[in-house]
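Q: In the numbering used here, the protein residues as written are 3 to 189.
Just so it is clear, CB atoms sit at the ideal spot from N, CA and C, and this is done for glycine as well.
Bear in mind that the values here come from a model prediction, so they are computed numbers and not experimental data.
This is the structure I have questions about; it appears just below.
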Ligand SMILES: Cc1cc2nc3c(=O)[nH]c(=O)nc-3n(C[C@H](O)[C@H](O)[C@H](O)COP(=O)(O)O)c2cc1C
């Protein structure tokens, strides 16, 4: 079998699909879905999200320089899709999807209670790349749902049933194949 050469495009999959919450200066909040997100630095802890300027949430992030990354699970998949195809300009997506909110510690944007992990972020740099503006942001607070902690306080994220997004579809993670460094561990 030969290998096809494709025109340049976004083929890096799977990726997370997260719910981003943002708010304007008056405190009006919105939620939308982002797959173009990543960890970009360990210390200081930094992440990025890439957002098209036409998104309603874009103007909120521009205004406040803040957002929250809410990690997603099997139970949130329907909301992830809905919040990624409907605009907060036209409807209240929190209400439509029965998403409860909690106040964040530092930023104006709310946390989504149904999400197992909420990551509060403050924008440090904005890169106007083309179709998307990339916000490089510092993590200023993290919240984790104790439901997924064992008696030793270890956070067992796999118990929350996290999801990934790959080539247009949503998936759960499936089977655990190894842990960090297992390839060189002495038996
Ligand atoms: C799985 C998925 C991933 C998405 N990823 C992004 C993204 O990374 N950046 C972006 O700007 N829009 C992305 N979108 C589209 C926005 O979430 C969508 O346009 C949304 O309606 C914007 O909401 P808003 O107008 O309320 O801000 C994605 C949508 C889906 C369904």
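For residue 32, which of helix, strand or coil comes out of DSSP?
A: strand
Q: Is residue 96 near ligand 1, judged by its Cβ being under 6 Å from some heavy atom?
A: no
Q: Are residue 157 and residue 166 touching if we call contact CB-CB under 7 Å?
A: no
Q: With distances taken Cα to Cα, identify the nearest neighbour of residue 93 among 58, 117 and 150.
A: 58
Q: Under the rule that 16 or more other beta-carbon atoms within 10 Å means buried, what is residue 13, buried or exposed?
A: exposed
Q: Applying the 10 Å Cβ sphere with the 16-neighbour rule, what's the burial state of residue 178?
A: exposed
Q: Measure the C-alpha to C-alpha separation of residue 110 and residue 184 and round it to an integer number of angstroms.
A: 41 Å
Q: Could you tell me which uninterrupted beta strand (DSSP E) segments, each at least 3 residues in length, are contained entirely in the segment 95-145, listed from first to last along the chain?
A: If we require 3 residues or more, the beta strand (DSSP E) runs fully inside the segment 95-145 come out as 119-130.
Q: Please list, in chain order, all residues with a C-beta atom less than 7 Å from at least one heavy atom of ligand 1.
A: Here the list is 19, 32, 34, 35, 36, 37, 38, 39, 51, 52, 53, 54, 57, 58, 59, 60, 82, 83, 85, 86, 87, 88, 89, 90, 91, 95, 134 and 167.
Q: Quick one: what's got a C-beta closer than 8 Å to residue 91's C-beta in the same chain, skipping five residues either side?
A: So the list reads 58, once near-sequence residues are dropped.
Q: Please state the DSSP three-state secondary structure of residue 59.
A: helix
Q: Comparing C-alpha positions only, which one of 125, 38 and 103 sits nearest to residue 66?
A: 125
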